[in-house]
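Visitor: Here the sequence shown stands for residues 168 to 446, where the numbers follow the working numbering.
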Amino acid sequence: MATLILSRQLYLIASLRSVELPGKEAKRKNLAIELILGLVIPVLVAGPLYYIVQKRRFQVVEGFGCASYEDNSVLGILVIWTWSVIPPLFSIVIYYPTVVRVLYRQNRDVKHVISSDDSITHTNYLRILALANIDILLTLPIGIASVILVVKDTLSSTSLSFYSGWTYVHTEWDPLSASYAELIASGTFTVAEVYFVHWAPVFLSFVIFGLFGISAEARAAYCHAIFTVGCWFGWKPDPSACGLHSMLSTMEFHRDESPQNISPDAESLVRRERIQPEL
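1) Can Val246 and Gly310 be called in contact, C-beta distance under 8 Å?
2) Helix, strand or coil for Leu327 per DSSP?
3) Any idea what DSSP makes of Ser344, helix, strand or coil?
4) For Ala385, collect the residues of the same chain with a Cβ closer than 7 Å to its Cβ; drop the 5 residues on either side in sequence, then sort them by chain order.
5) Have a look at Ile172, Pro264, Asn239, Val228 and flag the residue whose alpha-carbon is nearest the alpha-carbon of Ser326.
6) With a 10 Å radius around its C-beta and 16 neighbouring C-beta atoms as the bar for buried, classify Gly332 as buried or exposed.
7) How about the segment 194-204 and the segment 212-229: do they share at least three Cβ pairs that are nearer than 8 Å?
8) Once the 5 residues before and after Thr338 are set aside, which same chain residues still bring their CB inside 7 Å of it?
9) Measuring alpha carbon to alpha carbon, tell me which residue in His391, Ser372, Val314 is nearest Leu242.
10) Can you give the beta carbon distance from Arg223 to Trp340, rounded, assuming they're within the 8 Å contact cut?
11) Let me make sure I understand the geometry here. Which of Phe231, Glu201, Tyr178, Phe370 has the alpha-carbon closest to that of Val260?
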């Protein structure tokens, strides 16, 4: 869901040629959509939807910690695992074409700004390109691989029914524990699923942090936070040490006079991980 929200912001900037939305109504609509994407849908998935297929309170896997435990059924895959595919797919279909088209058409403007302003580097532009492609290169493939591993794991141990039934799913509610030896004995697909679903969100988090968490702006924000806390204890550092007073120029795109077909704004859904949910 995080990459979908980021892609949507890039889409709005590319469509409007501005980081500010025009008018209070547009800002309220944008805030409502972001609250739905970032809060309402995750709460629904982690709460009511998950409870429908929640077979145990939780499970504890040796070496991995606490994890969710869902019913191995078609409904369980639909209400839980498809959320790892729908948001990046929506982002690629709706937002990606517009962002890439605008970045390509405005390539000359970007090169001119970069060459005329030392505060805007080519690295900043590459970060934007990487962010625009993160769904098609990472998020969607990871989501598809997760669904495939879950289906393979289920089919390797039992048949795949549509739904095991409310009574059957909620009869045994006690937590479940599994040793690492039991995990290995469960089969190759089970082990692959646990490892992949457990570490894929971590890898994606490091990628996003690598794009924006170590930039000059981010480092200045870290210094500002450290200096603020230090001032509470009587430490008075020099803000210029981290370049807190330096302001980066704004990268602006000039509006193309030729008409462009911009796809309408839309809403989307959320993804969810099994081993360590990000909701």
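Heads up, the beta-carbon is just placed ideally off N, CA and C, and yes, glycines get one too.
Guide: Considering the structure as presented:
1) no
2) Under the three-state reduction of DSSP output, Leu327 falls in the coil class, being neither helix nor strand.
3) strand
4) Closer than 7 Å at the Cβ level, and outside the excluded window around Ala385, lie Phe379.
5) Asn239
6) exposed
7) no
8) Excluding sequence positions up to five before and after Thr338, its CB lies less than 7 Å from no other CB in the same chain.
9) Val314
10) Right, their Cβ atoms sit about 7 Å apart.
11) Tyr178
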